[in-house]
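**Student:**
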Amino acid sequence: MEGARLAAHDIACRRGDRLLFAGLSFDLAAGDALQVTGANGTGKSSLIRILAGLLRPFSGSVERGGDIALLDGNLPLDAHLPLGTALGFWEKIDRPRVSAVDDGLAALADVPVRFLSTGQRKRAAVLQSNPAANAIWLLDEPLNGLDIDAVGALQARIARHCAGGGIAVVASHQPLTIANLRQIALADYAA
Amino acid sequence: MRVLSALLARDLGLLLGSGRGGPWLPVLFFVAVAVLFPFAVGPDAPLLARTGGGVLWIAALLAAILPIDRLIAPDLEAGFFDQFALRGISEELVLAVRLMAHWLTFGPLLLIAALPAAALFNLPGDTARMLLLGLLAGTPGLAAIGIIISSMTASLRGGAALGGLLLIPLAVPILIFGAGALANPDGEGLALCAAISLAMCAVAPFASGAAVRAAREG
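Those protein sequence lines, which keep their order, are chains F and X.
Note that my numbering has the first sequence beginning at 11, numbered continuously upward.
Note that my numbering has the second sequence beginning at 36, numbered continuously upward.
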C-alpha cells in the first residue's frame, strides 16, 4: 500500500469578501506532523476544511493520498444517547478500522452525551474521528478544554499516529510537543 | 449494506425515540384536525362527508412537514454530514435512508389514524377506501417533500417560515390528484398521485443532497 501523502499547491482561501491567505504550499509524507498557527480569524479552520476537501480553495489545489480523519469543533454524536451507544454508531460505520481506546471515557459509556463536560466531549470527538493507521488526521484546535493529562495523552496519540505511517495536521495556537513537528504560521501568508 | 443498516437503525431510533420529538406529534395533529373540524363547521353531516376527505388530505400534508426543522438541521450542525463525506458516504445515500425512515415513522401511523378520522367525518365507504389508498400512494411523496424542504432550509435562519412557502408549489400536484381521486373513484387520479409521489421520492435524495453540499460550502 502506498504511504500517506498530503500536498497543498499554492492554495488561497476566500471567505466572503476577504482573502484570508494566499500562496500556501507544503508537501507532507508519511510520518510528518504539521502545526498551523495563527491568530483567531486568520483561516486555520478554513485551511483544515480545505485540506479535508469539505471546502473548495479559492485557488490552488490539494493532493490527498490516504483516508481523511477530521476532528473539528463539532461533536457528531447524538446528544440524547448514552456515550457508548452514540460512539457505537460510528464503530458500525468504521468497522474495518482499529478503534482507539480512551480508558477515562469507558466509565462514561452510560452517560448521555449532552451531560459530558467540555473536555470529555473533546475526548469523545477524538475517538469519533478514529483515524485509520495511515490516514491523514486533521485536527482543528484539538486541545481546547482538555486538562494537562489529556493534552499529554492526545499529543502522544498524535505522535503514535505519525510514527505508524500517518500524517497529522494540527491547527492550534497552543505550543505542541511532538517530535519532528513542522510549523506553518498563517500570518506569513496573509493576503 | 453495513453502512445502510447502521444509518437506517440510527434514523429510526432518532425519529421513533424522544430524541427528535417522537412519532406521535404528527399523528396527534392529524387526529386533532379530524376532531376539531366538525366543531368549526357545525353538525352538517352531508357537508362533512363531502369535505372530510379533502380536509384529511390537508391534515396529512401538514402532519408530514411538522418535523421538518428536526429532520436535517441538527445533523448538519453537529457535523454528521462532514464525517459521512470524509468516509465516502454520499449525501444522497444518507438522505435516501432518512426519507425511508421519515416515511416509516409517520406513514403507517397516519394510515391507521385515518380510519377513526374517516369515521369522525362519517365518510361513505367508497370515499374512505379511496382516502386510504390515496394516502398510501401519496404519503411517500409527502415525506419526500418534507426531506427536500428540510434540507433546503437547514442552513438558513428562519428556515421554517421559508419552508411553509416552499411547500405550496411542491405539494399542489399530489393534492390535486390524491384529493381529486376522492370525487371520481375510477382509480386514474390514484395512479397519477402514486406516479408523482414516486417521482418525488426519486428526486428527493438528489435535490436535498445538493442542498446539503451547498450549505457546507457556504
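For every residue, glycine included, the Cβ atom is placed at its ideal position computed from N, Cα and C.
Please list the terminal residues of the continuous beta strand (DSSP E) segment that includes A196 of chain X.
**Tutor:** No beta strand (DSSP E) holds A196 of chain X; the alpha helix (DSSP H) holding it covers 194-215.
**Student:** In three-state DSSP terms, what is G181 of chain X?
**Tutor:** G181 of chain X falls in the helix class under three-state DSSP.
**Student:** Residues in the same chain with beta-carbon distance under 7 Å from C228 of chain X, minus the five sequence neighbours each way, listed in chain order, please.
**Tutor:** Closer than 7 Å at the Cβ level, and outside the excluded window around C228 of chain X, lie G169, A172, G173, I209, F212, G213, A216.
**Student:** For D165 of chain F versus L186 of chain F, is the C-beta spacing smaller than 8 Å?
**Tutor:** Strictly speaking, residue 165 of chain F in this sequence is Gln, with Asp absent from that position. In contact: Q165 of chain F and L186 of chain F (Cβ atoms closer than 8 Å).
**Student:** Give me, in chain order, the residues of the same chain whose beta-carbon lies closer than 7 Å to that of L64 of chain F; leave out the 5 immediate sequence neighbours on both sides.
**Tutor:** Same-chain partners within the cutoff: there are none.
**Student:** Okay, do the segment 70-84 of chain F and the segment 61-75 of chain X touch, 3+ Cβ pairs below 8 Å being the bar?
**Tutor:** The segment 70-84 of chain F vs the segment 61-75 of chain X: no contact.
**Student:** Using the Cα positions of S71 of chain F and G181 of chain X, report the straight-line distance between them to the nearest angstrom.
**Tutor:** So the alpha carbons of these two residues sit roughly 37 Å apart.
**Student:** In or out: S125 of chain X buried (at least 16 other Cβ within 10 Å) or exposed?
**Tutor:** S125 of chain X should be labelled exposed.
**Student:** For the segment 54-81 of chain F, list every residue whose C-beta sits within 9 Å of some C-beta in chain X, in sequence order.
**Tutor:** Within the segment 54-81 of chain F, the qualifying residues are R59, A62, G63, L64, L65, R66, D77, I78, A79, L80.
**Student:** Below 8 Å on the Cβ atoms is my guess for Q45 of chain F versus L156 of chain F; work out the distance and round it to an integer in Å.
**Tutor:** So it is not a contact: roughly 16 Å between Cβ atoms.
**Student:** Below 8 Å on C-beta distance, what does V41 of chain X contact in chain F?
**Tutor:** Checking the sequence, you will find Ala at residue 41 of chain X rather than Val. Within 8 Å Cβ-Cβ: F99, K102, I103.
**Student:** Return the chain-ordered list of same chain residues with a C-beta closer than 7 Å to the C-beta of G88 of chain X, the five sequence neighbours on each side being excluded.
**Tutor:** Contacts found: L158, T162, L166, A214, L217.
**Student:** Could you tell me whether the Cβ of A113 of chain X comes closer than 8 Å to any Cβ of chain F?
**Tutor:** By this cut-off, A113 of chain X is an interface position.
**Student:** Could one say the Cβ of D120 of chain F lies closer than 8 Å to chain X's Cβ atoms, at least one of them?
**Tutor:** Chain X, which has no Cβ nearer than 8 Å to the Cβ of D120 of chain F, makes this no.
**Student:** Could you check which residue in X:A69, X:A98, X:I100 has the C-alpha nearest to that of V90 of chain X?
**Tutor:** Per the Cα distances, X:A69.
**Student:** Is there at least one Cβ from chain X nearer than 8 Å to D27 of chain F's Cβ?
**Tutor:** No, D27 of chain F does not count as interfacial toward chain X.
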